[in-house]
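Protein chains in written order, with the numbering used here: chain A, 4 to 496; chain B, 109 to 165.
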C-alpha cells in the first residue's frame with residue numbers, strides 16, 4: 004500500500020482532517036446511517052419507559068418534544084464543526100477542553116456510555132434470540148425476563164460480531180447501513196400496523212400509564228419529556244464522528260432531523276404503543292405476544308439484528324475517538340486491537356451484571372446530566388465565542404505551541420462549566436430517585452443544565468480567554484508554521 | 109529521529125491544514141449552513157414543541 008493510501012486511510016480513521024473530496028456520505032447515505040443508529044431497539048426500551056410514566060397521548064407529545072430538543076441541541080455543536088472541518092469530534096474538542104480535558108470528557112461521555120450501551124444492547128440481542136428459541140421449542144411466548152447463561156452467551160456473541168464488522172472499517176459499516184436501514188424502517192412500520200390492527204388509535208390514546216410514578220400528571224409528563232430529552236442528548240458522543248464522514252456541513256446536519264429524530268421518534272412511539280397495548284414495557288416480551296408464532300419470531304429477529312446495527316455504529320465512532328485520545332501506548336495499537344480492547348468490558352458485564360438491561364433507564368437519565376451540559380458548552384464555545392471558526396493548525400499543533408494547551412492540557416473554564424451544568428441538573432432532578440426540584444415541571448432538568456453550562460463557558464471565557472489562552476478573539480490569518488504533532492503511525496495498521 | 113514516513117506524514121497533515129485554511133479565506137464555504145437553514149430548523153422546532161404540547165397535554 005502506498006503512503007498516500009495509508010495517509011488517506013489514517014484520515015478516514017480520524018488521525019487527520021478528512022478533505023471534502025474524501026468523505027463517504029451524501030444526504031441519503033448519512034440519513035440511512037443515522038436511521039440505522041436511531042431505530043435501534045433502545046428506542047423500544049425508551050418507548051416502554053415512556054409508557055410507564057404517561058398514557059400514549061402524553062407519551063407521543065413527550066417523545067416528539069424531548070427528541071427534537073435533544074437531537075437539535077446535540078447536532079448543532081457536534082455535527083456542524085465536524086461536518087465543516089472533517090475532524091474527529093474529540094480531537095476538535097481540544098479547542099474547548101484542552102488536550103487532556105478532551106481525554107477526560109471522552110472517558111466520561113464515551114467509554115462509560117458505550118460500554119454500557121454495548122452491554123445493554125447485547126443483552127437485548129440475547130433475550131431476543133432466547134425468546135425466539137423458546138417460541139420455536141414450545142410455541143409459547145416468554146412472559147418473564149430471562150438473564151441466564153444462554154442469554155449472556157448470545158450477548159457476548161453479538162458483541163464479537165459487532166467487533167468483527169467494525170474491524171473492517173467504515174466501508175463495511177456503510178454497506179451494512181445501506182442494507183439494514185430501509186429494512187428496519189419497513190419492519191417498524193409492520194409493528195405499528197400489527198398494533199393498530201388489534202386496537203384503534205383512539206383506544207390506544209386513551210390507555211393509562213403502566214406505572215405512573217406520582218399522582219401529579221404534569222410532573223409525570225415532564226419526567227417522560229426528560230427521559231426522551233436524555234435519549235436525544237445521548238447522541239452527543241456519537242454524532243460528530245459520523246458527521247465528519249458526510250460531504251459538507253449541511254449534509255452533516257439535516258440527516259439528523261430525518262434520521263435520528265424521525266427514526267428514533269418513530270421507534271419510541273411504536274415501542275410505547277406496543278408496551279401500552281400489551282401491558283409490558285419490555286419489547287422482547289410484548290413482541291412475542293403481538294402476532295403469534297411466526298410474527299413473534301420475525302419480530303424478535305428484527306430486534307436482534309437492529310441491535311447489532313446500532314452496536315456497530317456506536318463501536319465505530321467510539322474507537323475512532325479512542326484512537327485519537329488514548330496516548331502513545333494505546334495509540335500504537337492497530338485498529339483491530341483497539342476494537343477488540345473495547346469489546347472486552349461489555350463481554351465481562353453481560354456475564355457479571357446482566358441486570359444492566361433492566362436498569363437501563365436510570366443509566367440513561369444520568370448520562371443526560373453530562374451530555375446536556377456538554378452540548379451547552381459546545382454551543383457557547385463554537386457559535387458565540389468562536390463564531391464558527393476553529394484553527395485546525397492550533398488543534399494539531401504540538402502541545403507546547405498550541406493555544407489549546409491551557410493549564411496542563413485542561414481548560415479550567417470548560418471544566419467549571421461542566422461541573423456547574425451537571426450540578427444544576429442533579430439539583431433540579433435526581434436521576435436516581437426521580438425526585439424533582441424547583442422548576443422541573445416547567446423547565447425539565449436538561450434545559451437548565453444546558454443553559455447554566457453555556458453561561459459559565461461564555462462568562463468565564465469573556466473574563467479569562469485570550470488569543471494565547473484558547474485562541475479566542477479576532478481571527479488572525481494562519482501562519483504556515485507549524486510544528487504539527489506526530490500522529491498515530493498509519494503504518495501500524 | 110524522524111523517518112521518511114514521519115516527514116511525509118507531516119507533509120500530508122500540512123497539506124490538509126492548508127486546504128482548510130484556503131477554504132476559510134474564501135467568502136463562501138461550500139455546503140455551509142445558511143441563515144435560511146437556521147431559520148427553518150428554529151421554526152420546525154418551535155412548531156413541533158408547541159404543537160405537540162397543546163395536542164398532548
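Just so it is clear, CB atoms sit at the ideal spot from N, CA and C, and this is done for glycine as well.
Using a Cβ cut-off of 9 Å (strictly closer), state whether residue i contacts chain A.
i                      : result
residue 161 of chain B : yes
residue 102 of chain B : Limits of chain B in this structure are 109 at one end and 165 at the other, which puts residue 102 of chain B out of reach.
residue 143 of chain B : no
residue 127 of chain B : yes
What is the residue span of the alpha helix (DSSP H) that residue i lies within?
i                      : result
residue 220 of chain A : 220-236
residue 451 of chain A : 449-467
residue 137 of chain B : Looking at the DSSP string, residue 137 of chain B is not in any alpha helix (DSSP H), and its letter there is neither H nor E.
residue 87 of chain A  : 59-88
residue 53 of chain A  : 44-56
residue 15 of chain A  : 6-15
residue 424 of chain A : 415-431
residue 374 of chain A : 363-381
residue 2 of chain A   : The requested residue 2 of chain A does not occur in the structure, where chain A is confined to residues 4 to 496.
residue 140 of chain A : 115-141
residue 162 of chain A : 152-170
residue 442 of chain A : Counting along the chain, residue 442 of chain A falls outside any alpha helix (DSSP H), and DSSP gives it neither H nor E.
residue 205 of chain A : 204-208
residue 284 of chain A : Premise fails: residue 284 of chain A is in no alpha helix (DSSP H) and is neither H nor E.
residue 474 of chain A : Segment: none, residue 474 of chain A is in no alpha helix (DSSP H) and carries neither H nor E.
Taking 9 Å as the CB-CB limit, is residue i close to chain B?
i                      : result
residue 72 of chain A  : yes
residue 16 of chain A  : no
residue 253 of chain A : yes
residue 60 of chain A  : yes
residue 19 of chain A  : yes
residue 23 of chain A  : yes
residue 213 of chain A : no
residue 103 of chain A : no
residue 496 of chain A : Residue placement at residue 496 of chain A is poorly supported in this model, since its pLDDT is 32, which falls under 50; the coordinates are not used for a value here.
residue 260 of chain A : yes
residue 257 of chain A : yes
residue 224 of chain A : yes
residue 6 of chain A   : yes
residue 385 of chain A : no
residue 475 of chain A : no
residue 221 of chain A : yes
residue 88 of chain A  : yes
residue 83 of chain A  : yes
residue 317 of chain A : no
residue 12 of chain A  : no
residue 75 of chain A  : yes
residue 49 of chain A  : no
residue 341 of chain A : no
residue 272 of chain A : no
residue 64 of chain A  : yes
residue 189 of chain A : no
residue 390 of chain A : no
residue 395 of chain A : yes
Taking residue i and residue j to be in contact with their CB atoms under 8 Å, please state how far apart those CB atoms are, rounded to whole angstroms.
i                      : j                      : result
residue 306 of chain A : residue 281 of chain A : No, residue 306 of chain A and residue 281 of chain A are not in contact; Cβ-Cβ is about 14 Å, not under 8 Å.
residue 144 of chain A : residue 277 of chain A : With a Cβ gap of about 13 Å, residue 144 of chain A and residue 277 of chain A do not count as contacting.
residue 244 of chain A : residue 348 of chain A : The Cβ separation is near 20 Å, so there is no contact.
residue 157 of chain B : residue 71 of chain A  : 7 Å
residue 363 of chain A : residue 123 of chain A : 5 Å
residue 231 of chain A : residue 65 of chain A  : 5 Å
residue 284 of chain A : residue 54 of chain A  : 6 Å
residue 420 of chain A : residue 393 of chain A : Not really, about 18 Å apart at Cβ, beyond 8 Å.
residue 194 of chain A : residue 302 of chain A : 7 Å
residue 507 of chain A : residue 116 of chain A : Since the first and last residues shown for chain A are 4 and 496, residue 507 of chain A lies out of range.
residue 354 of chain A : residue 318 of chain A : The Cβ separation is near 19 Å, so there is no contact.
residue 467 of chain A : residue 406 of chain A : So it is not a contact: roughly 13 Å between Cβ atoms.
Can you list, in chain order, the residues of its chain whose CB lies under 6 Å from that of residue i, leaving out five sequence neighbours each side?
i                      : result
residue 50 of chain A  : 271, 274, 275
residue 210 of chain A : 58, 59, 279
Could you tell me if the beta carbon of residue i falls within a distance shorter than 8 Å of some heavy atom in the ligand ZN?
i                      : result
residue 135 of chain A : Only the bare structure without any ligand can be found here, which leaves the ligand ZN out of the picture.
Enumerate in chain order the residues of its own chain whose CB-to-CB distance from residue i is below 8 Å, with the five nearest sequence positions on each side excluded.
i                      : result
residue 438 of chain A : 432
residue 201 of chain A : 280, 293
residue 33 of chain A  : 245, 246, 248, 249, 254, 255, 258, 262
residue 133 of chain B : none
Closer than 9 Å, CB to CB, is residue i near chain E or not?
i                      : result
residue 151 of chain B : The chain inventory of the structure shown lacks chain E, comprising the protein chains A and B.
Going along the chain, which residues of its own chain have a beta-carbon closer than 7 Å to the beta-carbon of residue i, five neighbours each way excluded?
i                      : result
residue 26 of chain A  : 89, 248, 249, 250
residue 309 of chain A : 42, 43, 44, 187
residue 225 of chain A : 443, 444, 447
Specify whether the segment 387-399 of chain A and the segment 447-455 of chain A touch according to this definition: at least 3 beta carbon pairs, one from each stretch, less than 8 Å apart. Verdict: no, contact absent.
contact_flag[the segment 77-95 of chain A, the segment 251-258 of chain A] where n(CB pairs < 8 Å) is 3 or more: By the C-beta criterion, the segment 77-95 of chain A is judged to be in contact with the segment 251-258 of chain A, since at least 3 inter-stretch pairs fall below 8 Å.
Count the C-beta pairs between the segment 109-120 of chain B and the segment 6-13 of chain A that are closer than 8 Å, then say yes if the count reaches three, no if not. Segment contact: the segment 109-120 of chain B against the segment 6-13 of chain A, three or more CB-CB distances shorter than 8 Å; contact assigned.
Are the segment 122-137 of chain A and the segment 154-170 of chain A touching by the rule of at least three beta carbon pairs closer than 8 Å? The segment 122-137 of chain A vs the segment 154-170 of chain A: in contact.
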